[in-house]
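Report on the structure given below.
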Amino acid sequence: MSKKPSGAPQVSQVLESRSEAELKAVAGHGLACQWFGATDYDIPRFGFASAAVAVFAMVLAFFFIPDLFRATLGPWQLPSAVLGGMAIGFSIAIMQFFHEESRGPVRAFWWVGGLLSLASALVLFIIFCCAY
């Protein structure tokens, strides 16, 4: 079993250095929060279900949407990239704002969904144009 470097603080030292208010703030937030303390900002959580939905959206965007457009349209790269990007971007935004935080469709939801959709669509378009 490896030892921690002598300069690294022990868990008990970290907990003792926290004020009582900080310790109450992290109570109930899991073992990692109790060990390492709280941050000045709220770190967004992204759970297993959210990751599974995001992976499903990526599989949909990479395999099923291009095949659908390839069978029905002539030039399929741009529509596939746009629809696939929207599927990826808004699946992540929906899971973050509705499932993880229960905030609903606030302004930040639309910004996050739109920007992730745009970035995903750009990546998909580059992949589709270079690969085919």
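Residue numbering for the sequence shown follows the numbering used here, starting at 3 and increasing by one per position. We put the beta carbon where it would ideally sit given N, CA and C, even for glycine. Please read these numbers as outputs of a predicted model, since none were measured by experiment.
Are the beta-carbon atoms belonging to residue 89 and residue 120 less than 8 angstroms from one another?
no
How is residue 104 classed by DSSP in three states: helix, strand or coil?
coil
In the DSSP assignment, find the alpha helix (DSSP H) that holds residue 86 and state where it starts and stops.
79-96
Kindly give me the distance between the Cβ atoms of residue 135 and residue 56, rounded to whole angstroms, as I take these residues to be in contact under 8 angstroms.
What the structure shows of the chain is the stretch from 3 to 134, and residue 135 is not part of that stretch, so it cannot be assessed.
Inter-residue Cα distance where the pair is residue 67 and residue 83
9 angstroms
Could you check what DSSP says for residue 73 in three-state terms: helix, strand or coil?
helix
Mapping DSSP to helix, strand and coil, what is residue 49?
coil
Beta carbon of residue 126 nearer than 8 angstroms to that of residue 87:
yes
Taking 7 angstroms as the cut-off, does the CB of residue 94 come closer than this to any heavy atom belonging to the ligand PLP?
Of the ligands one can find in the structure shown there are none, so the ligand PLP has no counterpart to examine.
Relative to the alpha-carbon of residue 110, which residue among 95, 64, 78 has its alpha-carbon at the smallest distance?
95
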